[in-house]
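Its first residue numbered 3, the sequence shown is counted upward by one per residue in my numbering. Here a beta-carbon is modelled for each residue, glycine too, at the ideal position from N, C-alpha and C. None of the values given here were measured: they were computed from a predicted structure.
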Amino acid sequence: MVHEQHMVPFTEAAFHRTERLRNTAASGKKIIGYFCTYTPIELIHASGFLPVRIWGEQVRVEQAYTLVPNFICPYMRQSLERAMAGEYDFLSGLVQGYTCDIACGLFNVWKENIPLELFHSLPLPYNDTEDSRLFFREGVQELLDKLSGIGGCFSEDSLEETLMIYGQIREHLLALDVMRSTRRFAFGAEAFAAMLRAGFFLDPLEYLGMLADLKEALEEKEKSPAEGIPVILSGSLIENSPVLALIEELGGVIVSDDLCDGMRNASPAYGTGATPTERLLDRYMRRLPCPARARPSSRASLLLDQVRTSRARGVVFVFQKFCSPHLADYPSVSETLKKKGFPSILIELDEEGVMDGQIRTRLETFFSMLED
Numbered sequence: 003m004v005h006e007q008h009m010v011p012f013t014e015a016a017f018h019r020t021e022r023l024r025n026t027a028a029s030g031k032k033i034i035g036y037f038c039t040y041t042p043i044e045l046i047h048a049s050g051f052l053p054v055r056i057w058g059e060q061v062r063v064e065q066a067y068t069l070v071p072n073f074i075c076p077y078m079r080q081s082l083e084r085a086m087a088g089e090y091d092f093l094s095g096l097v098q099g100y101t102c103d104i105a106c107g108l109f110n111v112w113k114e115n116i117p118l119e120l121f122h123s124l125p126l127p128y129n130d131t132e133d134s135r136l137f138f139r140e141g142v143q144e145l146l147d148k149l150s151g152i153g154g155c156f157s158e159d160s161l162e163e164t165l166m167i168y169g170q171i172r173e174h175l176l177a178l179d180v181m182r183s184t185r186r187f188a189f190g191a192e193a194f195a196a197m198l199r200a201g202f203f204l205d206p207l208e209y210l211g212m213l214a215d216l217k218e219a220l221e222e223k224e225k226s227p228a229e230g231i232p233v234i235l236s237g238s239l240i241e242n243s244p245v246l247a248l249i250e251e252l253g254g255v256i257v258s259d260d261l262c263d264g265m266r267n268a269s270p271a272y273g274t275g276a277t278p279t280e281r282l283l284d285r286y287m288r289r290l291p292c293p294a295r296a297r298p299s300s301r302a303s304l305l306l307d308q309v310r311t312s313r314a315r316g317v318v319f320v321f322q323k324f325c326s327p328h329l330a331d332y333p334s335v336s337e338t339l340k341k342k343g344f345p346s347i348l349i350e351l352d353e354e355g356v357m358d359g360q361i362r363t364r365l366e367t368f369f370s371m372l373e374d
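Dropping the structure here:
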């Protein structure tokens, strides 16, 4: 039997997140923050550190406006606000894989204003060629040198072990996503999101064990498919927005996602190559791309395949307000979906994450259209 208790480890970990991380730092283990899943966190872990994704999560922005304007995405504003308030005092460093301009710009704002041992921006190639992979490899070595400078101890053997751990995590996540697409995930969208978010701050071995237990419990569950109109979410970060609950309240069921803090980073689970470093490079070069790393035509084709595989009837695009890469991507991708018979709707999340009456009405109309 699957009960709410199977989600408790994930929700409890999130509730005690800051306390846990401060205790980890106090024990002597250094914690390295990152913004984007294009950051090769396996290198951080294989060097003996704990990688933790920075969060924003609906905090009122005040101090950060002395350093940044209000027309950048809420996530970056809110994460800076938390940093300026001392909420990331457990961090020893910040590493950013070069993706969107705002994340890279905010990296420099952090560097000038938040006292940490290490700041490093890793350039990433856009095209997958032999020269691109050589360029990426040189960037990886530069990062490893920086990590070594603050006490990191990296080896190909430690990377091999790390790749296995994270690969198994992704295998479990992909299996759980299949359960979601076939309506066999016993909990709602908020629970699935909480399960994913836990992986951004937990020790990967602990997280792997939690996922294995949840997957086993769900596999033993009698099949009772969730009811609702199947849709896919696509966009940037959602964090703790009430949009997930609102979609389900209005009759939708989320069967898969293409989100920055969702499943986009999970495939493929492993890379290929003769050495651990080659396998790391291969996976990052072949992973599902975000709009900052791919042309709209490529993204449209991938999203269309995902819609068909999951048997979704439409797509709900959910963007952080002022998210330039996703907003630039949207017209072409949504038009491609429309031509293939899959309607979509765009929801933008502001700083407060409030779902006002207008958004509710638009979603009600969207689901009514899908139901007809």
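Nearest Cα to Leu52 within the set Phe189, Gln170 and Gly201: Gly201. Three or more beta-carbon pairs separated by less than 8 Å are not found between the region 31-42 and the region 304-321, which leaves the two stretches without contact. Shown here, Pro206 sits in a helix according to DSSP, grouped into three states. Boundaries of the alpha helix (DSSP H) harbouring His328: Ser326 to Lys341, taken from the DSSP string. Pro298 and Thr338 have their C-alpha atoms spaced approximately 10 Å apart. CA-to-CA, the gap between Leu124 and Ile46 works out to about 12 Å. In the DSSP annotation of this structure, Asp358 is not part of any alpha helix (DSSP H), being labelled neither H nor E. Contact annotation: His174 and Leu146 have beta-carbon atoms that are not nearer than 8 Å. Counting C-beta atoms within 10 angstroms of its own C-beta, Gly359 has fewer than 16 neighbours from the protein chains shown and is therefore classed as exposed. Counting of Cβ neighbours within 10 angstroms places Met197 among the buried residues, the total reaching 16 or more.
Measuring C-alpha to C-alpha distances from Phe369 to each of Ile231, Leu329, Arg295 and Ile256 identifies Ile231 as the nearest.
Around Gly253, the same chain offers Gly230, Ile231, Phe369 and Glu373 as residues with beta carbons nearer than 8 Å, after the five sequence neighbours per side are excluded. Looking at the DSSP output, Ser123 shares a beta bridge with Gln98. For Ser300, the enclosing alpha helix (DSSP H) starts and ends at Pro298 to Ser312.
Judged by DSSP secondary structure, Val233 falls within the beta strand (DSSP E) whose first and last residues are Ile231 to Gly237. Assigned with DSSP and collapsed to three states, Ile256 falls in strand. Glu44 and Tyr128 do not touch by the CB rule: their CB atoms are close to 21 Å apart, not below 8 Å. Apart from sequence neighbours up to five positions away, the residues of its chain that approach Met181 with a beta-carbon distance below 7 Å are Phe187 and Leu220, ordered along the chain.
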